[in-house]
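Chains A, B and C, in that order, are what the protein sequence lines are. When the letters of the first sequence are read in order and numbered with numbering that gives the first Met the number 0, they come out as residues 0 to 453. When the letters of the second sequence are read in order and numbered with numbering that gives the first Met the number 0, they come out as residues 0 to 184. When the letters of the third sequence are read in order and numbered with numbering that gives the first Met the number 0, they come out as residues 0 to 163. Ideal placement from N, C-alpha and C gives every residue a C-beta, glycine not left out. Take a look at the structure below.
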Amino acid sequence: MSDVTPETTVRVAERVERLTAETSEGPQGLLERRATELNELGREVGAVLRGTGLALDPRDVDVERSDDETMIINMGPAHPSTHGVLRLMLELDGEYVLRTKPVIGYLHTGMEKTGETLSYVQGATNVTRMDYLSPISNELGFCTAVETLLGVELPPRAVWIRMMMAELNRVASHLVWMATNGMDLGSTSMMIYGFRERELILAFFEKTTGLRMNTNYVRPGGVAADLPDGWEDDVTVICDTILERTDEYDELLTGQPIFRGRMEGVAPISAEEAMALGVTGPILRSTGVAWDLRRTMPYLAYDQVDFDVIVGTYGDNFDRFAVRLNEIRESIRIVRQCVERMPRGDYRVQDAKVTPPPRARIDESMEALIHHFKLFTEGFQVPAGEVYTAIESPRGELGCYLVSDGSPHPFRMHVRAPSFVNLQAVPLMMRGGMVSDAITVISSVDPIMGEVDR
Amino acid sequence: MALEDLHHNFLTGRLEDMVRWARRASVWPATFGLACCAIEMMAAGAADYDLARYGMEVFRNSPRQADLMIVAGRVSQKMAPVLRQVYDQMMEPKWVISMGVCASSGGMFNNYAIVQGVDQIVPVDVYAPGCPPSPETLMHAILTLHEQIRTGEVLRRRGGATPPAAGSGGWTPEVPVAVRLGTPT
Amino acid sequence: MIPLPPTAPPGVACADALACDVACFPTPDGYVDLVRAWREDGFELCADLCGVDYLGHPGRDLPEGVVATRFEVVVNLLSLERRQRVRVRVQAGDREPRVASLFGVYPGTEAMEREAFDLVGILFDGHPDLTRILMPEDWEGHPLRKDYAVGRVPVQFKEAPGPR
Chain A
0 MSDVTPETTV RVAERVERLT AETSEGPQGL LERRATELNE LGREVGAVLR
50 GTGLALDPRD VDVERSDDET MIINMGPAHP STHGVLRLML ELDGEYVLRT
100 KPVIGYLHTG MEKTGETLSY VQGATNVTRM DYLSPISNEL GFCTAVETLL
150 GVELPPRAVW IRMMMAELNR VASHLVWMAT NGMDLGSTSM MIYGFREREL
200 ILAFFEKTTG LRMNTNYVRP GGVAADLPDG WEDDVTVICD TILERTDEYD
250 ELLTGQPIFR GRMEGVAPIS AEEAMALGVT GPILRSTGVA WDLRRTMPYL
300 AYDQVDFDVI VGTYGDNFDR FAVRLNEIRE SIRIVRQCVE RMPRGDYRVQ
350 DAKVTPPPRA RIDESMEALI HHFKLFTEGF QVPAGEVYTA IESPRGELGC
400 YLVSDGSPHP FRMHVRAPSF VNLQAVPLMM RGGMVSDAIT VISSVDPIMG
450 EVDR
Chain B
0 MALEDLHHNF LTGRLEDMVR WARRASVWPA TFGLACCAIE MMAAGAADYD
50 LARYGMEVFR NSPRQADLMI VAGRVSQKMA PVLRQVYDQM MEPKWVISMG
100 VCASSGGMFN NYAIVQGVDQ IVPVDVYAPG CPPSPETLMH AILTLHEQIR
150 TGEVLRRRGG ATPPAAGSGG WTPEVPVAVR LGTPT
Chain C
0 MIPLPPTAPP GVACADALAC DVACFPTPDG YVDLVRAWRE DGFELCADLC
50 GVDYLGHPGR DLPEGVVATR FEVVVNLLSL ERRQRVRVRV QAGDREPRVA
100 SLFGVYPGTE AMEREAFDLV GILFDGHPDL TRILMPEDWE GHPLRKDYAV
150 GRVPVQFKEA PGPR
C-alpha cells in the first residue's frame, strides 16, 4: 500500500496552498517589520499613546531588530480561548510578545445594513443579537435612541422594569465572564459554577420574556410584557443565591495563589492610555477612573437608586477581575431596590401610534385592529433627525447613532460597540508579556465578537 | 476448536453493530463556537444540562481529535473558508450539526455578509432550529445524530472530498443527506 | 449649547442637537483642528466615529453656510470631567469622500476609521493602516453605501418536504 506518490504530495501541497490563500486576509494581518510603516508599528505596540499622546520613540518599536529573530504566529479565529472568532497575530521574540494585531470581521453580520431595512418596531430584534451576553443592554441602547427621537416619556414602571432587567443581565454577563475567564486560566470549576448561576437568571428571563437569550424584551415605548405574577419572590431568590455564591467565588479565586500569580500585575494599562484609545467600561474603571454612565450621565432611574461605582488602581488583569466581581454585588443591590420600589402602572406608553393595543382590544375595536395592523406591517414614523445616545453595557459605553428621514425605517443605524473599541487596547496590554499571558489578556478585555463585528 | 472447549460465555454479533455502538457513544465535538449559539452550547456542556451524560463532554480544541462539528452561530463570508478548513482537518468519520437558524439558513440575516446556510460549505447531518436553540434542542439534535449513527452506514464516503477551486463561484452545495430534527425513524 | 473652544478654527457652524451639548460643522480643512481644539478643551475621549451615506435622504437640517454632501463623517466626543458630549459632523464629499484622519488626536479612532472606510468607503488621509477590517480583503464595494443592495437571497421552500 503506497498511497503517497509524488502526485499526491503535489496535490496535497496545492490544496494547502489554496486553503492558505483563501483564509489569509493579506494586509489586514500582521506584516513583517520592514513592510510596516513606523507610525503603524507605533500603533501596534501602543507607543503612540505615551506622554502627550503622539511621541513616538523608535526604541519603543525596536526597529533595529531584524526579522529573523522574531516569528509571527497566528492565533484563531477558531482558537478555543479567543472567545469566539477573534484572530490575533502575534510577533514573538521567544516566549515574549512584541507586536499584536487583532484581525476581526469573522462574525460580520451586516446588522447595520439589515437594520436599515427593518422598521423601528423590528429593530430591537436585530440589535439584540449583537452582544449576546447582554441582549437587554443592546435593546435598551437602541430603544433609548428611538425614544429620544420620538420624544416619548416612559411610564415609571417601564423604566424600573428595564433597569431591573438590565442589571440582572449585567450579573449574568459578568458571571459568564468569570466562568470563561476561569476556564482560560485552567479553573474548570469556575466555569461550571458561573454557568450554573447564570441559569437562574435565564430561567427568570424565560419566564418573563419567553426566551432565554436574545429576548427582544425592551421595545420602543416600554417593554414587551409585564413582569409575571410572583416575580418578587423569584428575583429575591436569585439575589440571595447569587450574592451568597459570589462570596464563595471571591474566596475560590481571589485567594488562589495561582490565580493571583497569573492576574496580578499582568497587562497593566494606565488611565491616559485607556482614554486615548477610547476604552470604556470595567477596563477604564480598573485604571482608577470613576466613569460609569449610570452615575455620571444617568439614564432610566439610575439617579434614584443607591449604588457604588467600583474602581481599581493599577489597571491590571486582577483589577479588571475585581471590578467585575464587585459590580455583580452592586447590581444585586440595584435589583433589590427595584424589587422594593417597583412602581405600579403601565409597562408601556399608552400611545396607540407607538404601542400595539392589548390583544383583547383587537377583537372588539376596529380602531385597535387598524393600529395593530399598521404598527406591525408598516411601523411608526419617527421625526427626521439624528441622535446619539449611550448607555452603560457590561462592557462599556454602548452607543447608538440613529439617522431618521421621517420614514418608519432608520436611515442609518450605527452602534458604538464597546468591545470593538476596547479591543484596540489588546496590543498595548500584550506587549512584553508572555504568550500564556496573552490568553488572560483576551479574557480580561472580555470582547464579545458578535458586538465587535456586528 | 469445538465449542465445549470454551470456558467462558460468549456472544455473537456483527462487527458493524459494535463499531456503530462505539462511535455513537463517543462522539467528541470540536469547539467551534461562532455566535450566540456558542453560549448555549457551552451552557449545554455546563452544570445544568451536562452533556457528559452522552459521552460528549470532551470538547476537543483541535479539529484533528474531533468527530463532530457543531456549527454554533452565523457563518459570515469571511469565516466560510476557515470553517471549511477546520472541517477538512477533521478525521473521518465526521458529522456536522448546524445549530441555530443562522447556521441552517441564514435566519433573519438575509444579507450580503452571511452565508445563507452552512450546508453550502459543508455537508450537514442534523439541523437544530431555534434562535438560539435552547440546550434541550441541542441535546435533541445530538440524540438524533446518535440515532443516525446507530442506524446508518459504517463506511460512508462524502461526495466531492476536495472543495472546488477558488474563484469558481463559491462552494457548490453537496447532496444533502440530512434528516430533519424529530423525524421518526 | 456650549461655546466653541477658544482655539477652534474659523468657519465652524454650530447647532443644537438631541441628547448632546452641541453639534458643530467644521469645514473639511478645519476638521482636525476643531477636534484637536475640543480635545485641548477637556474632551479626552472619542466615543464614536462613523460615516453616513445620505444618498436618497430627503434633506437634512444643517445650519446656514454648510453645504450638504453625500457623505458625512460623524464624531462623538465625550468629556469625562465636564460630563458633556459634543458631536462633530464634517461633510466628506460626494464622489470620493475623503477627510483627514483623527489618528494623531485620538489614537482610539484607528479601528473606527477603518470600519468607516470598509463599510462606507470614506478615505482617511494620514491613517497608518487603512485596510478593510470587517469584510474579507478581496471584497468589492462598501456595503453600507445606499447604492449597495442588502444582498437578500430569495428564500425558496420548493425543496422542503410536505407536512408529515
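Distance from the CA of histidine 107 of chain A to the CA of leucine 117 of chain A, rounded to the nearest whole angstrom, comes to 18 Å. For threonine 187 of chain A, not one C-beta of chain B is nearer than 7 Å to its own C-beta. Within the model, the alpha-carbon separation for alanine 21 of chain B versus glycine 151 of chain B is close to 13 Å. For the region 25–42 of chain A, the residues whose beta carbon sits under 7 Å from a beta carbon of chain C are, in order, Gly25, Pro26, Gln27, Glu36, Asn38, Glu39, Arg42.
Taken in chain order, the complete beta strand (DSSP E) segments of 3 residues or longer contained in the region 81–140 of chain A are 86–92, 95–102. A direct Cα-to-Cα measurement between phenylalanine 375 of chain A and leucine 139 of chain A gives close to 20 Å. Here the C-alpha atom of alanine 29 of chain B lies approximately 18 Å from the C-alpha atom of glycine 185 of chain A. Using a Cβ-Cβ cut-off of 9 Å, isoleucine 103 of chain A is close to Ala110, Ile132, Leu133 of chain C, given in chain order. According to the DSSP secondary-structure assignment, glycine 398 of chain A is paired through a beta bridge with A/Ala389, A/Arg415.
Around the beta carbon of arginine 63 of chain B, a 10 Å sphere encloses fewer than 16 other beta carbons of the protein chains shown; the residue is thus reported as exposed.
Look at phenylalanine 317 of chain A here: in three-state DSSP terms it is helix.
Distance from the Cα of glycine 378 of chain A is smallest, within the candidate group A/His408, A/Gly75, A/Asp404, for A/His408.
Look at the region 75–90 of chain B: the residues with a C-beta under 7 Å from a C-beta of chain C are Gln76, Lys77. Closest in alpha carbon position to alanine 123 of chain A, among A/Val11, A/Pro393, A/Val217, is A/Val217. Judged by DSSP in its simplified three-state form, glycine 120 of chain C adopts coil rather than helix or strand.
In the three-state reduction of the DSSP assignment, valine 304 of chain A falls in the coil class.
Annotation for glutamate 166 of chain A: Ser330, Ile333, Val334 place their beta carbon closer than 6 Å to its own, counting only its chain and skipping 5 residues before and after. Spanning the alpha carbons of asparagine 168 of chain A and serine 23 of chain A requires a straight line of approximately 37 Å.
For arginine 86 of chain C, the chain A residues whose Cβ falls inside 8 Å of its Cβ are Tyr387, in order along the chain.
For proline 446 of chain A, the secondary structure class from DSSP, reduced to helix, strand or coil, is coil. By the beta-carbon neighbour count (other beta carbons within 10 angstroms, threshold 16), asparagine 213 of chain A is buried.
Runs of beta strand (DSSP E) with 3 or more residues, each lying fully within the region 53–125 of chain B, are found at 67–71, 94–98, listed in chain order. When only Cα atoms are considered, arginine 161 of chain A and leucine 299 of chain A end up about 8 Å apart.
With a beta-carbon spacing of about 6 Å, tyrosine 131 of chain A and alanine 34 of chain B fall inside the 8 Å limit used to define contacts. DSSP places aspartate 47 of chain C in the uninterrupted beta strand (DSSP E) bounded by 44–52.
Any Cβ of chain B closer than 7 Å to the Cβ of glycine 55 of chain C would place that residue at the interface, and such an atom is absent. Only those residues of the region 94–122 of chain B whose C-beta falls short of 8 Å from the nearest C-beta of chain C are listed: Ser104, Gly105, Asn109, Asn110, Tyr111, Ala112, Gln115. Residue contact check for arginine 113 of chain C against chain B: no CB pair falls below 7 Å. Of C/Cys49, C/Ala7, C/Pro5, the smallest CA-CA separation from arginine 144 of chain C is found for C/Cys49.
A straight line joining the alpha-carbon of glutamate 43 of chain A with that of methionine 177 of chain A spans about 28 Å. In chain order, Tyr119, Pro219 place their CB closer than 6 Å to the CB of valine 145 of chain A, counting only its own chain and leaving out the 5 sequence neighbours on each side. In this structure, valine 420 of chain A places its C-beta atom within 7 Å of the C-beta atom of glycine 277 of chain A. Around the Cβ of arginine 211 of chain A, a 10 Å sphere holds 16 or more other Cβ atoms; the residue is buried.
Glutamate 339 of chain A and arginine 293 of chain A have their C-alpha atoms some 19 Å from each other.
Between alanine 351 of chain A and proline 106 of chain C the beta-carbon gap is near 49 Å, outside 8 Å, which marks them as no contact. When 9 Å is used as the limit between beta carbons, glutamate 198 of chain A is near these residues of chain B: Ala42, Ala45, Ala46, Asp47, Tyr48, in chain order.
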